[in-house]
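Undergrad: Quick note on this note's numbering: the sequence shown kicks off at 602 and runs consecutively. C-beta atoms are modelled at their ideal positions from N, C-alpha and C, and glycine is treated no differently.
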Amino acid sequence: MKPTFHVRLWDIKTKPTDLKTGRRPRRPYGVRWVTAGREHSRWFATKALARAFLSKLQQAMNRGEPFDVVGGLPDSLYREENSRTLLQIAERFIAREWPDVAANTRRRYVDTLAVAVGSYTRDSRVTRPPERHLRRSLTAGLLPANRGVSDLPPELHAATAWVEEHSRPVSDLTDKEEMAALLRNLGRNLNGAEAAPHTIRTRRSTLYHALGFAVEIGELPSNPVAAVQTGREQGTSEIDPRVVVNPRQAQQLLAAVSYVGRWHPEGTLRKTTSYDYLIAFFATMYYGALRPAEVNRLRETDCKLPDSGWGELLLERSAARSNARYVDAGTAWEARPLKRRRDGAVRVVPIPPQLVTTLRDHLDSFGTTDDGRLFRGVKDGQPISPTVYTDVWKRARLIGFSPEQAASPLARRPYDLRHAAVSTWLAAGVPIAEVAARAGHTVDVLLKVYAKVLDGQRDSSNSRIDDILR
């Protein structure tokens, strides 16, 4: 757009009836105006339509909007008529981000924007394809940067054509009601059920970044997500203190892992599959506060395991599982830099003697893979699947906990071991910055996620201050 404020509007002109044929022009009423010396015109079937368009031009002048010299339209109408659709914005945003983000981030972008694009269309209930076809055409063809419509089966081609035709202009989202409606739609799953609070927050964040890209390329004046608060995405990223095990309970659970596969629900032992190789896996999460993906990538060369005393883990990469179509190599696993770290950055995690001994015993019993990893699946030697370690953890809770504890949120997920580790360090009085560095958090995130744990330290902190002031 080449802007100008030198604009002049003329009165509506009416084309006369053809004297020879007696025919009246199809669009006899013309709006004419000039921008920086260039003449423009638009013709309408009725005088009312012409007056309405002329009124829009006059209102734009009154607001002080610049007009496009070449096309003649004021800024507001120029954006409206030239705005890209939300589908086009989503495609361009994902294509830009794709080379630089992890496979699971790619999947999150595709899944979230498929929900947004699929729900933000011009109403056409008669021709609208089934929701599953619409979602599949977006997630498997239109949105992933490494795939295309040609990869879709024939039955999805109609859905693809429909969403391309009916996707609405992204500029419509400057209307707060439209933006709020889209955010509400992000809060629903495909089956109509309300999504989990964490899912809603993640989807909102993804849409915020996508529309931020629209702002960058001039499709939106500002990010409309920031102007709307639906209330539904409000949740908390704080951990639930009820999930945190104490050291004795953690040791019970680690011991219980050795019985999984040997213990029958009736309380008898039997010879079946052993999952002893997961004892060290879970112990590393508890004593070192590692994420599962970080444990899966742990190599012998990353471990300093002295004969006595404290050791160290030197973490550089993680092994995350994702859908193979989002991984460049086409495999289910992707080695990535540590979360929110640049490639090559190393996190040093001191580990207590208990974990040093456990890891040494694990190496003696199970060795390593050809590339030096400590942990691998029993069938293919790949990193341990979340399905496997989650199932074993559920069974270990039934063995190691009382029925009341097993029915509670206490250590419900393996990831809760990491929460327990950080909570234990905070309870021990380790400085917050040191805890954040060991856990791979920023201090800000640590303060937010573990706010309730820190709040529980208030009395002991007050006592320490009293001791110093006396």
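For His641, which residues does DSSP report across the bridge?
TA: Residue 641 sits at position 40 when you count from the first residue of the sequence shown. Partner(s): Trp634.
Undergrad: Could you have a look at Glu666 and say whether DSSP puts it in helix, strand or coil?
TA: One-based indexing of the sequence shown puts residue 666 at position 65. Residue state, collapsed to three classes: coil.
Undergrad: I'd like to check one pair, Ser684 with Pro604: are the Cβ atoms closer than 7 Å?
TA: On the sequence shown, residue 604 is found 3 positions in, with the first residue counted as 1. On the sequence shown, residue 684 is found 83 positions in, with the first residue counted as 1. It is not a contact, given that the beta carbons lie outside the stated cut-off.
Undergrad: Assuming His1020 and Val845 form a contact by the criterion Cβ under 8 Å, report the distance between their Cβ atoms to the nearest whole angstrom.
TA: The sequence position of residue 1020 within the sequence shown is 419, counting from 1. The sequence position of residue 845 within the sequence shown is 244, counting from 1. Yes, His1020 and Val845 are in contact; Cβ-Cβ is about 6 Å, under 8 Å.
Undergrad: State the DSSP-derived secondary structure class of Pro907, mapped to helix, strand or coil.
TA: As a position in the sequence shown, residue 907 is number 306, starting the count at 1. Note: Pro907 maps to coil in three-state DSSP.
Undergrad: Do Asn786 and Ser720 have their CB atoms nearer than 7 Å?
TA: In the sequence shown, counting from the first residue as 1, residue 786 sits at position 185. In the sequence shown, counting from the first residue as 1, residue 720 sits at position 119. Yes, Cβ-Cβ distance for Asn786 and Ser720 is below 7 Å.
Undergrad: For the candidate residues Leu655, His734, Asn747 and Lys648, whose alpha-carbon lies nearest to that of Arg697?
TA: Taking the sequence shown and counting its residues from 1, the one referred to as residue 697 is at position 96. For the residues Leu655, His734, Asn747 and Lys648, the minimum Cα distance to Arg697 belongs to Asn747.
Undergrad: DSSP three-state call for Ser575: helix, strand or coil?
TA: Here the chain has residues from 602 to 1071 only, and residue 575 is not among them.
Undergrad: Provide the residue span of the beta strand (DSSP E) that contains Pro842, from first to last.
TA: Locating residue 842 in the sequence shown gives position 241, where the first residue counts as 1. Here Pro842 belongs to no beta strand (DSSP E), and DSSP marks it neither H nor E.
Undergrad: Indicate the three-state DSSP secondary structure (helix, strand or coil) for Ile952 in the structure shown.
TA: Position 351 of the sequence shown, counting from 1, holds the residue named residue 952. Ile952 falls in the strand class under three-state DSSP.
Undergrad: Could you give the DSSP three-state label for Ser751: helix, strand or coil?
TA: Here residue 751 corresponds to residue number 150 of the sequence shown, with the count starting at 1. In the structure shown, Ser751 sits in a helix (DSSP, three-state: H, G or I).
Undergrad: Quick one: grab the DSSP three-state call for Ser1009.
TA: Working through the sequence shown from its first residue, we reach residue 1009 at position 408. Three-state result, Ser1009: coil.
Undergrad: Please name the residue in Ser919, Asp712 and Leu678 whose C-alpha comes closest to that of Ala1081.
TA: Outside the displayed range of the chain (602 to 1071) lies residue 1081, so it cannot be described from this structure.
Undergrad: Would you identify the three-state DSSP class for Arg900, choosing helix, strand or coil?
TA: Here the question's residue 900 lines up with position 299 in the sequence shown. DSSP places Arg900 in strand when its eight states are reduced to three.
Undergrad: Please name the residue or residues paired with Thr605 in a DSSP beta bridge.
TA: The residue given as residue 605 occupies position 4 in the sequence shown. DSSP, once it has assigned bridges, lists Phe668 as partnering Thr605.
Undergrad: What does DSSP give as the partner residues of Gly912 in its beta bridges?
TA: As a first step, residue 912 must be located in the sequence shown, where it is residue number 311. Gly912 pairs with Ile952.
Undergrad: Hey, out of Glu795, Ala925 and Thr636, whose CA is closest to Asn705's CA?
TA: For this step, residue 705 is matched to residue 104 along the sequence shown. Ranking Glu795, Ala925 and Thr636 by Cα distance to Asn705 puts Ala925 first.
Undergrad: Just verifying my parser: in three-state terms, what is the DSSP assignment at Trp763?
TA: Along the sequence shown, one-based indexing puts residue 763 at 162. The answer is helix: DSSP assigns Trp763 an H, G or I state.
Undergrad: Using the Cβ count rule (16 or more neighbours within 10 Å means buried), how would you classify Ser966?
TA: Taking the sequence shown and counting its residues from 1, one reaches residue 966 at position 365. When all chains shown are included, Ser966 counts as exposed.
Undergrad: Here's a check: name, in chain order, each residue in its chain whose Cβ is nearer than 6 Å to the Cβ of Leu609, leaving out the five neighbours to either side.
TA: Locating residue 609 in the sequence shown gives position 8, counting from the first residue. As written in the sequence, residue 609 is Arg, which differs from the Leu given in the question. Only Val635 meet the Cβ criterion.
Undergrad: Would DSSP call Glu895 helix, strand or coil?
TA: The sequence position of residue 895 within the sequence shown is 294, counting from 1. The answer is helix: DSSP assigns Glu895 an H, G or I state.
Undergrad: How long is the line joining the alpha carbons of Ser986 and Arg998, rounded to whole angstroms?
TA: Position 385 of the sequence shown holds residue 986. Position 397 of the sequence shown holds residue 998. Distance between the alpha carbons of Ser986 and Arg998: 19 Å.
Undergrad: Look at the alpha carbon of Val727 and the alpha carbon of Ala760, and state the distance between them as a whole number of angstroms.
TA: Position 126 of the sequence shown, counted from the start, is the residue given in the question as residue 727. Position 159 of the sequence shown, counted from the start, is the residue given in the question as residue 760. Val727 and Ala760: Cα-Cα distance of roughly 13 Å.
Undergrad: How is Thr969 classed by DSSP in three states: helix, strand or coil?
TA: Numbered from 1 along the sequence shown, position 368 holds the residue referred to as residue 969. Residue state, collapsed to three classes: coil.
Undergrad: Give the secondary structure of Ala936 by DSSP, where H, G and I count as helix, E and B as strand, and everything else as coil.
TA: What you label residue 936 is simply residue 335 of the sequence shown in a count that begins at 1. Of the three classes helix, strand and coil, the one that applies to Ala936 here is strand, per DSSP.
Undergrad: If Ala890 and Val1023 are in contact, beta carbons under 8 Å, what's the gap, nearest whole angstrom?
TA: Within the sequence shown, the letter at position 289 stands for residue 890. Within the sequence shown, the letter at position 422 stands for residue 1023. 5 Å between Cβ atoms; contact.
Undergrad: State the Cα-Cα distance for the pair Tyr630 and Arg624, rounded to the nearest angstrom.
TA: Within the sequence shown, residue 630 is the residue found at index 29, counting from 1. Within the sequence shown, residue 624 is the residue found at index 23, counting from 1. Using only the alpha carbons, I get a separation of about 15 Å.
Undergrad: With a threshold of 8 Å, are at least 3 pairs of Cβ atoms found where one atom belongs to the stretch 775-793 and the other to the stretch 656-676?
TA: The stretch 775-793 vs the stretch 656-676: no contact.
Undergrad: Among the candidates Glu895, Lys905 and Gln983, whose CA atom is the shortest distance from the CA of Tyr1016?
TA: Residue numbering aside, residue 1016 sits at position 415 when the sequence shown is read from its first letter. With distances taken between Cα atoms, Tyr1016 lies closest to Glu895.
Undergrad: Distance, Cα to Cα, Trp934 vs Ala703?
TA: To locate residue 934, count along the sequence shown from 1; it is residue 333. To locate residue 703, count along the sequence shown from 1; it is residue 102. In a straight line, the C-alpha of Trp934 is about 11 Å away from that of Ala703.
Undergrad: Can you tell me the Cα-Cα spacing of Ile801 and Asp841, whole angstroms?
TA: As a working mapping, residue 801 is identified with position 200 in the sequence shown. As a working mapping, residue 841 is identified with position 240 in the sequence shown. Near 18 Å, if we compare the C-alpha coordinates of Asp841 and Ile801.
Undergrad: From the DSSP secondary-structure annotation, give me the bridge partner or partners of Arg974.
TA: Reading the sequence shown from its first residue, position 373 is the one you call residue 974. Per DSSP, Arg900.
Undergrad: Is the beta carbon of Phe645 closer than 7 Å to that of Ala637?
TA: On the sequence shown, position 36 is the one that residue 637 refers to. On the sequence shown, position 44 is the one that residue 645 refers to. Not closer than 7 Å, so no.
Undergrad: Nearest-angstrom Cα distance between Arg709 and Gln1006?
TA: Along the sequence shown, read from residue 1 onward, the residue named residue 709 stands at position 108. Along the sequence shown, read from residue 1 onward, the residue named residue 1006 stands at position 405. Answer to the nearest angstrom: the Cα atoms are 34 Å apart.
Undergrad: I need the boundaries of the alpha helix (DSSP H) containing Asn924, first residue and last residue.
TA: The residue you call residue 924 lines up with position 323 of the sequence shown. No alpha helix (DSSP H) contains Asn924, which DSSP labels as neither H nor E.
Undergrad: Report the option in Val632, Arg937, Leu658 and Val950 whose CA atom is closest to the CA atom of Ala920.
TA: Locating residue 920 in the sequence shown gives position 319, where the first residue counts as 1. Ranking the options by Cα distance to Ala920, first place goes to Arg937.
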